[in-house]
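Engineer: Structure incoming, see below.
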Amino acid sequence: MTENQAQKIKELMEKYNDILLVSMRLAITEDFTNLVILNKDDSDFELSELLHDKDEFSNYITREFLKQNSSSVIKDLRSMDEVTDELREKFGKAQKKLKFK
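For the sequence shown, the numbering used here assigns the number -6 to the initial residue and increments by one for each residue that follows.
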């Protein structure tokens, strides 16, 4: 990848960041829900009650997903060539925005 291509991707990622965050949240929630429905082990799980407040449900799923995977994301970021303090700061802000504990 050329430097110009990398810069253009960075600019486009900034432009579409909010949309990508929503897409990620929806994808994680939908995949989780499908796994619960398809998995017979989880038949005692009261999914229908949780779906009444979709935003709260989706936010909780996303927080838990990030909490369980944040160390691997940080590890991957450390191994990248061009990780900047700005990127680490943005990741930290995203965690705070989701009330990440």
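Note that CB positions come from ideal geometry on N, CA and C, so glycine has one too. This structure is a prediction, so every number in the text was calculated from the model and none was measured.
What does the alpha-carbon distance come out to for the pair Ala(-1) and Lys8?
Structural biologist: Straight-line Cα distance between these residues: approximately 14 angstroms.
Engineer: Hey, could you find the ends of the alpha helix (DSSP H) Arg14 is sitting in?
Structural biologist: Note on residue identity: the sequence assigns Leu, not Arg, to residue 14. Where Leu14 is concerned, the enclosing alpha helix (DSSP H) stretches over Glu(-4) to Leu31.
Engineer: Compare the beta carbon distance of Leu44 and Thr26 with 9 angstroms and say whether it is the shorter of the two.
Structural biologist: Yes, they are a contact pair.
Engineer: Do you know whose CA, among Glu4, Asn32, Ile21 and Val29, lies nearest Asn62's CA?
Structural biologist: When only C-alpha atoms are compared, the closest one is Ile21.
Engineer: Identify whether Asp37 lies in helix, strand or coil by the three-state DSSP scheme.
Structural biologist: Looking at Asp37 - three-state DSSP - the assignment turns out to be coil, as it is neither helix nor strand.
Engineer: Could you tell me which of Ser64, Ser51, Lys60 and Glu57 sits nearest to Ser16, measuring between CA atoms?
Structural biologist: The shortest Cα separation from Ser16 among Ser64, Ser51, Lys60 and Glu57 belongs to Ser51.
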